[in-house]
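Down below is the structure, laid out as structure tokens.
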Amino acid sequence: MLVEATLVESEVFEAETIGCCQRNWRASLALSVLLLLSLIGSIVVRSLELNKPNGDFIILLSSEMPTHSPTYDQRPTLEIVQKRGRLLCGVEEGMGGINGFMDLCRAISAVLFGDPNRFEDVLLTPATRFRRLNDRSVDLIDFVTWTIEREINERTTGSNFYFTTPYYYDGLAYYGNETFVRCAEEKKRYAECSSLRICVIQGTSGQDFVESNFPSNNIVVVNQPYDLTVGLSNDTCNVIADGRSLLLRDASKYASIDRHFVIGSETLIAEPISVVTRGNDREFLDVIEWVVNALFYGEEQGLTKNTSRCKKKTPLAGNVSDLTFMIAVYCVGNYGDLLPVRVGGMNQINNGTTGMLFATPFGDLDRDTDSAFVPGRALLDIIMERGYLRCGVVTPDEYTGDNNSDNHELVGLGLMSSDYCHTLAAAIFKGDDAAVKLIYFSENDNSSVAALTTSEIDVLSGARIELMYDFASDSHVGFHFSEPYYYGADGVSFYSIATRDNEILLSSLVNSVVTAAIYALENGIVKERSEDMPLSSIFGDDLRWALRDAVAYSGSYGELYAKNFGSTEQTGRNVLNNEGPRIHSFSGLNP
């Protein structure tokens, strides 16, 4: 075998002196890592030994790295819906027969598309409905009890949500064996009541109520309404808890199981029923809000379905507020047409002769949440760091800041609006009602609107709820209005505290402060008993006493009214609602 060799120039290496650590850097690094891991392991083992229960072994299981949050289409919901060409309506199976849900979706579809049939119903369960809304499986969900807890931090998702004005009022009640219904209402669990078992649907406000009043061995949580029937028929439970209107609707079905079943006489909790949207797009909620108001307005004005005025095509206007909301009535019908079966007097148009004061349910406000990431907390922190609240007050023409006007109502309203600024300051600043700067605006110009838009003020008290200010325009941002704290004698002026749309946590705090005075009146809580108000750590630990501090200053709504109007006798709509009519539209709609 012939081997050929070729001479090549070899590389020349130059030696240099290196240190020990340079020479053995890989070994040193490996040793350091091993020592560090050994130290961590020792700490973990020691920790486990200290916390090991009853000598049992604790096994640490490896976990996968958390997945990235899904990315969603960032366009406004309204744009997505119109591009898709249909509305995705989340509805609980079997609910359409009681609340006219399909007609409500048809009304929204009519406004968005000029066609009441461009929607798709998506069946949901109470346990998963908020998650399905959060992951964009639906654009809205219907027939949901509005609580302030849910608008800030809903339990199953940890997200905030928006709620329309309630369009239906229901109340939780018990149904079942007469003896055990009485046991449940009396919260009795011994003697003849020892075998009490209450079936309740998961993910509902009814579950929250039952679990706060009974131990777990008295409760059976089911997934959907159908399971309530099954539970009664197979003796899994002897009582069920659900909305009174739903129980009445299904009474014949339940009677086939046992003719001696009864509906309890007590309304356990009030349930204002709303449409719900995601908490990242206030504009879309406002669209639905004004569809609901159009249905109310239609019944108030005697307007109903009119095919000649049901436009087949409605292009989106330059401003969303220019949508023709009354098309909902002309294409589908008014509120009374959609809800022909009404259980309870609250689901009637209020004509001004009965009270409309009603405290939105708080839910559980005293639970730990990460409020730092809810939009609006940053502004609250700025206000706290500044040391005072900048509160705008819209004053009626005759209001001069004192009682020297001949118009008693307007003087009282001006004083009450100012007092709500002090009440809000007390809530934010640990009871310091003086930590506020009042800035007065005339109601005859738009200076207050400009001041709130440019952040000259933090909130605006005495703001009338109107369509034109609910949506953003070229001249102002969109506003969020609290629940009304005063109903004008003219029947169209509802006064509230306004905040900017994107200040979610502040808006909820403001609404809670307005609600707190009404809640106090409902529950017989006066200024001297402010400690009976619920705690509210959901806003942050520093605001846990906010509602107590608010009522410690203002007292109940009755006390606040008497202080500013000089009379203990409330009038018109400004009295507690006693299960009488509470349906009424806000100002700004036209036939």
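Mapping of the sequence shown onto UniProt numbering: position 20 corresponds to residue 20, and the numbering continues sequentially without gaps. No residue lacks a Cβ here, since even glycine has one placed at the ideal position from N, Cα and C. Fair warning: this is a prediction, and the values are worked out from it, not measured in the lab.
For the region 403 to 472, the full-length beta strand (DSSP E) segments reaching 3 residues or more read 436 to 442, 459 to 464 along the chain.
Contact between the region 456 to 474 and the region 485 to 498 is established, with three or more Cβ pairs separated by less than 8 Å. In this structure, the beta-carbon distance from PHE261 to GLY363 does not fall below 7 Å. Residue state for ALA359 is assigned as coil, using DSSP reduced to three classes. Using a Cβ distance threshold of 7 Å, GLY412 and PRO396 do not count as a contacting pair. The continuous beta strand (DSSP E) containing ILE240 extends over residues 239 to 243.
A residue is called buried once 16 or more other Cβ atoms fall within 10 Å of its Cβ, and ASN334 is buried on that count. Of all alpha-carbon atoms in GLU466, ILE273, ILE349, the one lying nearest the alpha-carbon of SER321 is that of GLU466. When C-beta atoms of the region 427 to 441 are compared with those of the region 372 to 391, three or more pairs fall below 8 Å, so the two segments count as touching. For ARG390, there is no enclosing alpha helix (DSSP H); the enclosing beta strand (DSSP E) has its first and last residue at 389 to 395. PHE565 carries a helical assignment under DSSP once its states are collapsed to helix, strand and coil. Looking at the DSSP output, THR354 bridges to nothing. Boundaries around ASP549 are those of the alpha helix (DSSP H), 546 to 554, since no beta strand (DSSP E) includes it. Beta-bridge annotation (DSSP): ASN177 is paired with PHE261. For GLY90, the enclosing beta strand (DSSP E) has its first and last residue at 87 to 92. Scanning its chain for C-beta atoms nearer than 7 Å, with the 5 sequence neighbours on each side dropped, one finds around ASN347 the residues TYR168, TYR169, LEU339, ILE583, in chain order. When only Cα atoms are considered, SER455 and PHE479 end up about 12 Å apart. ASN234 and PHE180 have their C-alpha atoms roughly 16 Å apart. C-alpha of LEU576 to C-alpha of GLY85: approximately 43 Å in a straight line. By the criterion of at least three beta-carbon pairs nearer than 8 Å, the region 267 to 278 is in contact with the region 136 to 156.
The three-state reading of DSSP puts PHE163 in strand, counting E and B together.
Between VAL292 and ARG106, the CB-CB gap reaches or exceeds 7 Å. Using a 10 angstroms sphere on the CB of TYR226, the tally of other CB atoms stays under 16, which defines it as exposed. The C-alpha of ASP445 is placed about 35 Å away from the C-alpha of ARG309.
The region 540 to 552 and the region 418 to 431 touch, with no fewer than 3 CB-CB distances between them shorter than 8 Å. Here GLY572 is near ALA489, since their CB atoms are less than 7 Å apart. THR307 and ALA173 do not touch by the CB rule: their CB atoms are close to 40 Å apart, not below 8 Å. With contacts defined as CB atoms closer than 7 Å, ASP419 and ASN574 fail to qualify as a contacting pair. Note: TYR486 is bridge-paired with TYR495 in the DSSP secondary-structure output.
Within its own chain, the residues whose Cβ lies closer than 6 Å to the Cβ of VAL393, once the five positions on either side in sequence are excluded, are SER417, SER418, LEU438, TYR440, SER461, GLY462, listed in chain order.
In the displayed model, LEU268 falls within coil according to three-state DSSP, outside both helix and strand.
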